[in-house]
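J.: Below are the structure tokens for one structure; questions will follow.
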Amino acid sequence: MNEPKHFRWRVDGKVGVITLDRPEKKNPLTFDSYAELRDFFIALNDDPAVKVVVIRGEGQNFCSGGDVHEIIGPLTKMAPPQLLEFTRMTGDLVKAMRRCPQPIIAAVEGVCAGAGAILAMASDLRYAAPSAKTAFLFVRVGLAGCDMGACAMLPRIIGQGRAAELLYTGRTMTAEEGFAWGFFNRLAEDPLKLSLETATALAAGPTAAHAVTKKMLHEEWQAGIDQAIDMEAVAQAELMRTSDFRRAYEAFAAKKKPVFEGD
1 MNEPKHFRWR
11 VDGKVGVITL
21 DRPEKKNPLT
31 FDSYAELRDF
41 FIALNDDPAV
51 KVVVIRGEGQ
61 NFCSGGDVHE
71 IIGPLTKMAP
81 PQLLEFTRMT
91 GDLVKAMRRC
101 PQPIIAAVEG
111 VCAGAGAILA
121 MASDLRYAAP
131 SAKTAFLFVR
141 VGLAGCDMGA
151 CAMLPRIIGQ
161 GRAAELLYTG
171 RTMTAEEGFA
181 WGFFNRLAED
191 PLKLSLETAT
201 ALAAGPTAAH
211 AVTKKMLHEE
221 WQAGIDQAID
231 MEAVAQAELM
241 RTSDFRRAYE
251 AFAAKKKPVF
261 EGD
């Protein structure tokens, strides 16, 4: 992986950590950081050494969304083809997050708004500090709530009625609401610590199987129950041919804990 220019990246063992690093502005995104994040998640498909990804923000805030002066201002002056190019590019970031095989964990503190809320939504697991304030605030700038897949994904996470309220009003969802509604998996005083602990545990597991779980969770949104059962039968049969499956059986037979290697 090339060293990114618009965010920080480090790898601890098998866990990669993305840090949005503009704390003086609460870590907003720019045209360049959107594109680089998209390309980075695409490249993770070819990085088998990284098993799990954690995304966080520097300075006790997650991400305040698109930078008002560097994105929203210029958008008001763009022609329709340029506007569509931008919205498709931002959507491609979410697609890249959903398609990369690594589980993604969002460690959320403070402000988590606009595109920042989308980054959290597109992650596989979300851990938040009590300070987390999440807002899908597109309506506040005269736009619809249907941004980067929010109208498809958010109702599946928290329910249609709750999602509709947040997307119509742009109001802030507290950390407690987010946990009660299922947006956040857990609340913690130190969500980064919890995220890294969970990521390390997942990275020690059967990573090929985790990748299939992620793929099926995504693809089965569009499948009926019978079709989903058939899809899972094919996926599980393939995994039964892996070395990790054999290792698990041999460890069980020997009354030992399996050591997974991801193959």
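The opening residue of the sequence shown carries number 1 in the numbering used here; numbering runs sequentially from there.
Ideal Cβ placement from N, Cα and C applies to all residues, glycine included.
Pick out the complete beta strand (DSSP E) segments inside the stretch 15-76, 3 residues or longer, and give them in chain order.
T.: Fully enclosed beta strand (DSSP E) runs of 3 or longer: 15-20 and 52-57.
J.: Let me confirm a value: Thr-76 is counted as buried when at least 16 other C-beta atoms fall within 10 Å, else exposed. Which label applies?
T.: By one-based count along the sequence shown, residue 76 stands at place 76. Exposed: under 16 other Cβ atoms inside 10 Å.
J.: From what residue to what residue does the alpha helix (DSSP H) around Trp-181 run?
T.: Residue 181 sits at position 181 when you count from the first residue of the sequence shown. Unbroken alpha helix (DSSP H) run through Trp-181: 175-181.
J.: Helix or strand or just coil, what does DSSP make of Asp-244?
T.: What you label residue 244 is simply residue 244 of the sequence shown in a count that begins at 1. In this structure, Asp-244 counts as helix in the three-state DSSP scheme.
J.: Taking Cβ positions only, does Lys-215 come closer than 9 Å to chain B?
T.: In the structure shown, chain B cannot be found, because there is only a single protein chain.
J.: Should the stretch 202-213 be called in touch with the stretch 166-186, which here means at least 3 C-beta pairs below 8 Å?
T.: Taking 8 Å as the limit for Cβ pairs, the verdict is that the stretch 166-186 does not touch the stretch 202-213.
J.: What does a CB cutoff of less than 8 Å around Glu-3 pick up in its chain, not counting 5 residues either side in sequence?
T.: The residue you call residue 3 lines up with position 3 of the sequence shown. Excluding residues within five positions, the ones whose Cβ falls inside 8 Å are Trp-9.
J.: Let's see if you can read the secondary structure: which residues bound the alpha helix (DSSP H) around Leu-119?
T.: Locating residue 119 in the sequence shown gives position 119, where the first residue counts as 1. Where Leu-119 is concerned, the enclosing alpha helix (DSSP H) stretches over 115-122.
J.: Which residue comes first and which comes last in the alpha helix (DSSP H) that contains Ala-237?
T.: On the sequence shown, position 237 is the one that residue 237 refers to. Ala-237 -> alpha helix (DSSP H) spans 225-239.
J.: Based on Cα-Cα distance, which residue from Leu-84, Ala-43 and Lys-214 lies nearest to Ile-105?
T.: For the purposes of this step, residue 105 is identified with residue 105 of the sequence shown, where counting begins at 1. Of the candidates Leu-84, Ala-43 and Lys-214, the one whose C-alpha sits nearest the C-alpha of Ile-105 is Lys-214.
J.: For Gly-59, which residues of its own chain have a beta-carbon under 6 Å away from its beta-carbon, when the five flanking residues on both sides are left out?
T.: Here residue 59 refers to the residue found at position 59 when the sequence shown is read from its first residue. Hits under 6 Å: Pro-23.
J.: Given a threshold of 16 other Cβ atoms within 10 Å of its Cβ, counted over all protein chains shown, does Pro-28 qualify as buried or as exposed?
T.: What you label residue 28 is simply residue 28 of the sequence shown in a count that begins at 1. Classification for Pro-28: buried.
J.: For Val-11, name the three-state secondary structure that DSSP assigns.
T.: Counting from 1 along the sequence shown, the entry for residue 11 is found at position 11. The answer is strand: DSSP assigns Val-11 an E or B state.
J.: In chain order, what residues of the same chain lie with their CB nearer than 7 Å to the CB of Gly-145, ignoring the 5 residues before and after it?
T.: As a first step, residue 145 is located in the sequence shown; it is residue number 145 there, counting from the start. Here the set comprises Phe-136, Phe-138, Val-139, Cys-151, Leu-167 and Tyr-168.
J.: Which residue marks the beginning of the beta strand (DSSP E) containing Ala-204, and which one marks its end?
T.: In the sequence shown, the residue the question calls residue 204 occupies position 204. Ala-204 -> no beta strand (DSSP E), and no H or E assigned at all.
J.: For Lys-5, which three-state DSSP category applies?
T.: By 1-based counting over the sequence shown, the position of residue 5 is 5. In this structure, Lys-5 counts as coil in the three-state DSSP scheme.
J.: Rounded to whole angstroms, what is the Cα-Cα separation between Leu-20 and Leu-119?
T.: Reading the sequence shown from its first residue, position 20 is the one you call residue 20. Reading the sequence shown from its first residue, position 119 is the one you call residue 119. Looking at the two C-alpha atoms, the distance is approximately 11 Å.
J.: Let's see if you can read the secondary structure: which residues bound the alpha helix (DSSP H) around Lys-95?
T.: For the purposes of this step, residue 95 is taken as residue 95 along the sequence shown, with counting starting at 1. Looking at the DSSP string, the run of the alpha helix (DSSP H) that includes Lys-95 is 80-99.
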